[in-house]
Amino acid sequence: MYRYDNFDATFVAERVAQFKDQVARRLAGELTEDQFRPLRLMNGVYLQLHAYMLRVAIPYGTLSPRQLRKLAHIARHYDKGYGHFTTRQNIQFNWPALADCPAILSELANVEMHAIQTSGNCVRNVTADQFAGAAADEIEDPRPYCELLRQWSSLNPEFSFLPRKFKIAIAGAPHDRAAVKVHDIGYQIVRNADGEIGFAAYVGGGLGRSPFVAHKIRDFVPKADLLNYTAAILRVYNLEGRRDNKFKARIKILVHEKGAEAMRDAVEAEFARSRDPDLVLTPEIIDRFKSYFALPDLPSRPVPAQNFEGRRAQDADFAHFASQNVVAHKVPGYGVVSISLKPIGGIPGDVTAEQMEAVADLAETYAHSEVRVAHEQNLVLPHVALDDLPALYDRLKDSNLATPNIGLVTDIISCPGLDYCSLATARSIPIAQRISERFGHNGRAAEIGELHINISGCINACGHHHVAHIGILGLEKKGVETYQITVGGAADETCALGEVLGPGFSSESVVDAVEAIVETYLKVRKSRDEDFLSTYRRVGAAPFKEVLYERA
Amino acid sequence: MALYRNGTFAADSWQRLDAAQELPAEGHVLLSLAEWQKLAPIKRESNVAFGVLLEPGETAEAIAADLSRLSLVAITFPKFTDGRGYSTARILRDRYKFAGELRAVGDILFDQIQLYERCGFDALEITDPVTLGLLEAGRKPVMTHFYQPGEGAEVRDSSSPWRGRAATSATA
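Residue numbers (my numbering), protein chains in the order written: chain P, 1 to 552; chain Z, 553 to 724.
Okay, structure coming up:
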């Protein structure tokens, strides 16, 4: 993985010193809250419902065991013993004291981490496919390009006060696991007709109160031009994006109002006349950044993996875990293992300090010291020999981390909701917990098959409900929480926004409504091979509307 | 209000003129974009040094053809969170090679000073008393390492072409 050089280390140390001074000036009354807010946000410090919240950047979701242990330490010493992984592959601590934040940032700097630009109207953590560098279907590892973008966008003087936040994602495989089409910029790594590898550029996607699927504005951006092309998009947005209304300030609104064609023309014109030679990525630079993310030296392992196959044949629970949580690795004899942070009835994405330390130990023992964070709020061990999987599985079980539910109805994405967030209008976590309990027993989730449920506690859509197979949006109507249900959304390469089924449901009835939708799906699917999304795309919303609203 | 130019406080010789006022025979005169565009070509050739004040939404392109006649371009930041002026400044410096004074006016605060300088501003009009106090006390921005090429006194770091360091720290 990327290792800081002296330059990076000095940069982060200076940034910590700068923020320490800003906090001191705020506490001394020399900065108003209005003046301080953007400064603390650009260092990851939010003021939440009950306390400050610190969001720590995990660039493109890649962590070392040492870093994970530091996060565990911070959870234990500055928080209440746990952290919360987010849909931007970051981690949030919900209870730090403002005065402690500079000390926490110093501790993070010791393990080459920071909280820079995890909030604010600037370029946020660049996210990537959580299986990057390991997946069998990958064209190229997106992380070297994420790191290049991270560096170039860090404290970029031109783009630190954009109209609104700006999110970039890069997917390295044709199967999009990074949700690039719901980002401000999504780059999909592609191979062109000449066999060269570059990026298809999507602009103007996003969720929130006005969801849009991004428009493709270029089929192929050569690697050399990645930074200059990104700069051109950002400059057009910085100058033309709306600043009169924060709810219309994202680039998706600019693209929508200007039109995708006009946006493309403006970006191309800017790109053509502003190309900065210092930002051109030479083959030498690209090779250097690729070397930081080189595949670890994976010893050859027997195929088929006898230890793995043997356990699978005699242990149904293990076999279920292997089929649900393990995908193919590019090296035969290895697998990519997802660790679900969605125990049945638990809080999605929450992890205790002890669990973080357990995962750090397991990564060192079984996974070449690499850990990933998935935007679905799970963890990943990207390089595991299949023959080590039985031992790994047993140890995951010991830490309550072996829930075999990746991609199933109980693998719910949820925002923190009204239990933590000052913007939320309804609770999300308790709904996720109840749905998980409803489907989480007696093999019911496995029988249902792949089905993504996402829950947001307000229209800002941090839980990505629009792109869920079943999406739940918590609203407040006359002082009462009400939950609107959508179906048919997708965040992958077939990206689509869900369709609202009808009036919302109360907190008491929403889980029954979800169950009615699932039962309807089970009745109308052609076979177990036709998953929920495929079935919806065949039959439409009508059967689901009928069961919810016409049989009262 | 005080003018902070190239890292030190300086006297401001520029006079803001509105539509009703007569153009002086010489001196430094700052006009709005509209007033500048209305100014007869013959008057543009006078002994006066001209500057134009761009408001948010007014672009560098609007004065691109006139830059050889302008000694000052001032750019308004109505709120420190409105970052349009940073791009306008970079376009003036990078694309149009404007070499005159580039001045930021409006809600200019201590914590953004380095951003202004790195986008090519060499002068800041400051009204915020806390910012003035910090600068009068000799406080300087702390960042010396930058991940992108910037304007001003910076030298390229050997590690990557887009990395730079403050010139004062380069020998440290």
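Cβ coordinates follow ideal geometry from the N, Cα and C atoms, glycine included. From a predicted model like this one, the values you see are computed outputs, not experimental measurements.
Residue i touches chain Z at which residues, Cβ-Cβ below 7 Å?
i	result
S106(P)	Per Cβ cutoff of 7 Å: no residues; S106(P) is ~14 Å from chain Z at best.
A17(P)	V694
E30(P)	V682
L473(P)	The premise fails here: L473(P) is roughly 29 Å from chain Z at the closest Cβ pair, so nothing lies under 7 Å.
D5(P)	S711
R250(P)	Under the 7 Å cutoff, chain Z gives no residues; its nearest Cβ is about 15 Å from R250(P).
R243(P)	D634
List, in chain order, every chain P residue whose beta-carbon is nearer than 7 Å to that of residue i.
i	result
R670(Z)	P157
S598(Z)	Those within 7 Å of S598(Z) in chain P number zero; the least Cβ separation is about 32 Å.
L619(Z)	Per Cβ cutoff of 7 Å: no residues; L619(Z) is ~16 Å from chain P at best.
D663(Z)	Q22 and L39
L667(Z)	P157 and S160
In chain P, what lies closer than 8 Å to residue i by C-beta?
i	result
W714(Z)	Q151, W152, L227, D278 and L279
T633(Z)	P38, N121 and F161
T696(Z)	T10 and E14
Y638(Z)	P157, E158, F159, S160, F161 and N238
Around the C-beta of residue i, are 16 or more other C-beta atoms found within 10 angstroms, so that it is buried, or is it exposed?
i	result
S323(P)	exposed
Y46(P)	buried
Y82(P)	buried
G704(Z)	buried
S710(Z)	exposed
I594(Z)	exposed
D387(P)	buried
P576(Z)	exposed
E546(P)	exposed
M263(P)	buried
R553(Z)	With the sequence shown as reference, residue 553(Z) is identified as Met, and Arg is not the correct amino acid for it. With fewer than 16 Cβ atoms within 10 Å of its Cβ, M553(Z) is classed as exposed.
S338(P)	buried
L27(P)	exposed
T640(Z)	buried
V306(P)	Residue identity differs from the one stated: residue 306(P) is Gln in this sequence, not Val. Exposed, because fewer than 16 other Cβ atoms sit within 10 Å of the Cβ of Q306(P).
F602(Z)	buried
D5(P)	exposed
Measure the C-alpha to C-alpha separation of residue i and residue j and round it to an integer number of angstroms.
i	j	result
L392(P)	A358(P)	11 Å
R568(Z)	Y556(Z)	18 Å
A724(Z)	H697(Z)	Caution applies to A724(Z), whose pLDDT of 37 falls short of 50 and renders its modelled position unreliable; the model cannot decide the point.
V590(P)	A626(Z)	In the structure displayed, chain P extends from 1 to 552; residue 590(P) sits before or after that span and is not available.
P102(P)	Y292(P)	29 Å
D297(P)	E284(P)	22 Å
I615(Z)	Y145(P)	37 Å
P543(P)	I470(P)	14 Å
D634(Z)	G449(P)	48 Å
S399(P)	Q355(P)	6 Å
L684(Z)	T10(P)	28 Å
A24(P)	C122(P)	23 Å
Y52(P)	A97(P)	6 Å
A722(Z)	V707(Z)	Because A722(Z) carries a pLDDT of 44, less than 50, the predicted location of this residue cannot be relied on, and no value is offered for it.
L475(P)	G502(P)	14 Å
L619(Z)	L155(P)	29 Å
Go ahead and pull the three-state DSSP assignment for residue i.
i	result
T410(P)	coil
P404(P)	coil
Q377(P)	coil
E677(Z)	strand
V126(P)	coil
N454(P)	strand
P593(Z)	helix
P725(Z)	The structure shown does not extend to residue 725(Z), since chain Z is modelled only from 553 through 724, so no value can be given for it.
Q433(P)	helix
E158(P)	coil
M53(P)	strand
A722(Z)	Low local confidence applies: a pLDDT of 44 at A722(Z) is under 50, so the model's placement there is unreliable, with the coordinate-based value given in what follows. A722(Z) falls in the coil class under three-state DSSP.
Starting from residue i, find everything on chain P with Cβ-Cβ shorter than 9 Å and list it in chain order.
i	result
M553(Z)	Those do not exist, as M553(Z) stays about 18 Å from chain P at its closest Cβ, beyond 9 Å.
F701(Z)	Note that residue 701(Z) is Pro in the sequence shown here, rather than Phe. Residues of chain P passing the Cβ test: D276, D278 and L279.
R655(Z)	The premise fails here: R655(Z) is roughly 16 Å from chain P at the closest Cβ pair, so nothing lies under 9 Å.
Using a beta-carbon distance below 8 Å, is residue i in contact with chain C?
i	result
N125(P)	Considering every chain present, this structure includes no chain C. Its protein chains are P and Z.
Run through chain Z and tell me which residues come within less than 8 Å of residue i, C-beta to C-beta.
i	result
R273(P)	R647
Mind pulling the chain Z residues with CB within less than 9 Å of residue i?
i	result
R235(P)	S639, R642 and I643
message = So within the stretch 171 to 244 of chain P, which uninterrupted alpha helix (DSSP H) runs reach at least 4 residues, ignoring any that extend past its ends?
response = Correct list: 226 to 240.
request  = Please list the segments of the beta strand (DSSP E) lying wholly inside the stretch 458 to 518 of chain P, counting only runs of 3 or more residues, in order along the chain.
outcome  = If we require 3 residues or more, the beta strand (DSSP E) runs fully inside the stretch 458 to 518 of chain P come out as 470 to 477 and 480 to 487.
key: 3 or more residues per run - each beta strand (DSSP E) lying fully within the stretch 618 to 671 of chain Z   = Entirely contained in the stretch 618 to 671 of chain Z, the beta strand (DSSP E) runs reaching 3 residues are, in chain order, 622 to 629 and 653 to 658.
Segments of 4+ residues assigned as alpha helix (DSSP H) that fall wholly inside the stretch 293 to 379 of chain P = Segments of the alpha helix (DSSP H) lying fully in the stretch 293 to 379 of chain P: 306 to 314, 316 to 325 and 353 to 366.
query = Of all the beta strand (DSSP E) runs that stay within the bounds of the stretch 89 to 129 of chain P, which reach a length of 3 or more residues?
reply = Listed in chain order, the complete beta strand (DSSP E) runs (minimum 3 residues) inside the stretch 89 to 129 of chain P are 91 to 93.
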